[in-house]
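There are 2 protein chains.
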Amino acid sequence: MEIQNAAGTLSALAHAGRLEIFRLLVQAGPQGMAAGDVARATGILANTLSTNLNILAAAGLVTSRREGRSIIYSAGYDAMRELLTFLMEDCCAGRAEICPPLAAISRDGGEGRAC
Amino acid sequence: MEIQNAAGTLSALAHAGRLEIFRLLVQAGPQGMAAGDVARATGILANTLSTNLNILAAAGLVTSRREGRSIIYSAGYDAMRELLTFLMEDCCAGRAEICPPLAAISRDGGEGRAC
DNA sequence: ATGACGATTCTATAATTCGGGAAATATAGA
DNA sequence: TCTATATTTCCCGAATTATAGAATCGTCAT
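Those protein sequence lines, which keep their order, are chains V and A. Take 1 as the starting number for the first sequence in the working numbering and just add one per residue. Take 1 as the starting number for the second sequence in the working numbering and just add one per residue.
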């Protein structure tokens with residue numbers, strides 16, 4: 001992954017509204033959620049939501065499919081995995097044993113029970 | 001971690017220059033690097049670098065200590081771990097078997113078990 | 001004390017991003 | 001077709017962020 005690409009992906013997530021949307025979709029899982037449901041769940045205005053969903057989609061962080069009148073959005077796990085990998089690449093000069101982030105995540109999944 | 005906090009941390013990383021700086025420090029490991037060495041390694045202007053190091057420091061992504069005339073910066077692994085944990089919280093609706101992001105990270109991290 | 005060096009802060013300008021009103025587009029049902 | 005619903009696109013003022021020149025601060029050596 002290129003650094004510009006990674007910065008763009010991070011930029012897409014670096015916004016409280018978009019981060020809320022993204023996490024909602026991550027939690028919704030692969031089946032996704034209709035844009036309108038996201039709007040209702042978050043209280044975000046329809047046009048603002050649409051703009052932000054597009055920004056997330058451009059970064060590959062969400063994907064969409066139409067279902068009747070609704071457009072269903074779901075989290076783009078591949079882009080997420082690439083981003084996390086990029087951030088931790090060559091971490092701690094390749095010595096994983098001194099790498100607190102990876103150790104903590106691997107050990108207990110974090111305080112929120114990530115998995 | 002609060003969502004505003006996480007968005008702020010992501011925002012600090014969502015900039016090609018700062019991301020380059022951060023990764024350089026991640027790779028340098030806990031011993032860190034002097035600001036001047038970072039400037040030389042990246043070609044970033046001293047004042048711009050200083051501003052961006054301050055932004056990263058405000059997010060907890062780097063820490064600093066003075067050593068003679070130099071100021072040594074190192075990656076803030078705790079903030080990084082918290083951010084990664086937050087991003088993956090409740091990932092994939094609790095179904096680890098469909099959680100590529102964490103599996104990939106755990107694999108690269110060596111002995112950590114997948115999810 | 002003076003000069004050199006490493007780094008930061010101040011300041012101004014340029015560029016980007018945000019939010020939401022209004023209008024447009026797409027689909028489904030009557 | 002007409003109408004209602006779902007979503008997107010266009011636009012623009014306001015707010016934020018980025019960059020770099022100049023000045024300043026802190027430390028070390030002479």
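Ideal placement from N, C-alpha and C gives every residue a C-beta, glycine not left out. Only a predicted model underlies this, so the values are computations on that prediction, with no experimental measurement involved.
- Excluding the 5 residues flanking it on each side, Gly76/A has same chain C-beta neighbours closer than 7 Å at Gly60, Leu61, Val62 and Thr63, in chain order.
- Here the region 40–48 of chain V does not lie against the region 68–82 of chain V, with fewer than 3 beta-carbon pairs under 8 Å apart.
- Gly17/A is not a Cβ neighbour of Asn54/A, given a cutoff of 8 Å.
- In the displayed model, Glu67/V falls within a strand according to three-state DSSP.
- For Leu19/A, the neighbours in chain V by C-beta distance under 8 Å run, in chain order, Ile3, Ala6, Ala7 and Leu10.
- Note: Ser11/A is not bridge-paired with any residue in the DSSP secondary-structure output.
- Looking at the backbone, the Cα of Ile21/V and that of Ala79/V are separated by about 16 Å.
- In the assembly as shown, Gly32/V is a buried residue. Its beta-carbon has 16 or more other beta-carbons within 10 Å.
- The Cβ of Leu84/A sits closer than 8 Å to at least one Cβ of chain V.
- Excluding sequence positions up to five before and after Met1/V, its CB lies within less than 7 Å of the CB of Glu82 and Phe86, all in the same chain and listed in chain order.
- When only Cα atoms are considered, Leu49/V and Glu89/V end up about 32 Å apart.
- Nearest to Arg69/V by C-alpha distance, out of Ala35/V, Ala39/V and Gln4/V, is Ala35/V.
- DSSP, read as helix, strand or coil, puts Met1/V in coil.
- Within the same chain, Cβ atoms closer than 6 Å to the Cβ of Arg65/V are found at Ile72, the five residues on either side in sequence being excluded.
- Taking CB atoms only, Leu13/A has a neighbour in chain V less than 8 Å away.
- Under the 8 Å criterion on CB atoms, Ala16/V is classed as interfacial with respect to chain A.
- For the pair Gly29/V and Ala39/A, the Cα-to-Cα distance works out to about 42 Å.
- At a Cβ-Cβ threshold of 8 Å, Ala14/A and Ala58/V do not count as neighbours.
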